[in-house]
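Numbering-wise (our numbering), the sequence shown opens with residue 10 and increments by one. Here's the structure, in structure tokens; my notes come after.
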Amino acid sequence: MPRGGKKGGHKGRVRTYTSPEEIDAQMKAEKEREQQEQDGEGEGATPNSLAEKQPASGSEDSDDENSLRKRAGVEGLIEIDNPNRVAQKSKKVAQIELDEPKQLSRREREEIEKQKAKERHMKMHLAGKTDQAKADLARLAIIKKQREDAAKKKDEEKKAKDAKDAAAAAARGMNSLSMK
């Protein structure tokens with residue numbers, strides 16, 4: 010028998026995900042709630058804020074809402090907070106300050122510096138200021154000179170061959186005339 014009791018265990022349970030529509034509905038409800046809170050703070054004593062402060066008599070629905078908002082007993086008088094509990098504060102896009110310079114990690118900084126150094130090297134290389142570029146240009150000059158020499162030599166050989174062929178043709182023309 011396998012350890013752990015029941016057959017199956019915790020793995021393989023069906024996972025449920027929140028649909029995008031539900032997320033949108035939650036976001037809208039949260040925005041409306043924040044807007045109502047801001048309106049209550051900005052206007053001072055509005056009917057909504059007075060209703061929250063003074064329980065409405067005769068309406069059970071409003072009593073239920075007030076009882077949810079008010080804490081029973083000493084909880085309403087004293088704010089108790091666990092110092093060991095770290096509250097997760099999620100920042101919204103609107104709250105993120107873009108004025109602060111982005112703090113890069115060491116790896117990111119090194120990567121950026123490496124890219125900048127590579128770009129500087131390529132600019133200097135294209136300008137012909139690096140040792141490797143100078144060597145490449147010298148090698149290209151030697152190859153260019155060799156090709157020019159080879160082209161001249163080939164051209165001279167072609168001219169010599171043409172002159173030789175012309176002389177041979179002339180000699181044949183003389184021979185053919187003399188035979189007739």
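Cβ coordinates follow ideal geometry from the N, Cα and C atoms, glycine included. Keep in mind the model is a prediction, meaning the values are calculated, not measured.
Beta-carbon spacing of residue i, residue j below 8 Å
i, j, result
"residue 124", "residue 134", "no"
"residue 149", "residue 137", "no"
N-terminal and C-terminal residue of the alpha helix (DSSP H) that residue i is part of
i, result
"residue 97", "Unbroken run through residue 97: none, as it is neither H nor E."
"residue 87", "Segment: none, residue 87 is in no alpha helix (DSSP H) and carries neither H nor E."
Three-state secondary structure (DSSP) of residue i
i, result
"residue 141", "helix"
"residue 60", "Any reading at residue 60 must be qualified, since the residue scores a pLDDT of 43, below 50, and its modelled position is unreliable; the value itself is stated next. Helix at residue 60."
"residue 111", "coil"
"residue 156", "helix"
"residue 181", "helix"
"residue 130", "helix"
"residue 118", "helix"
"residue 6", "This structure cannot settle anything about residue 6, because the visible part of the chain is limited to 10 through 189."
"residue 24", "coil"
Buried or exposed by the 16-neighbour rule on C-beta atoms within 10 Å, applied to residue i
i, result
"residue 66", "With a pLDDT of only 47 at residue 66, under 50, the local geometry of the prediction cannot be trusted, and no value is derived from it."
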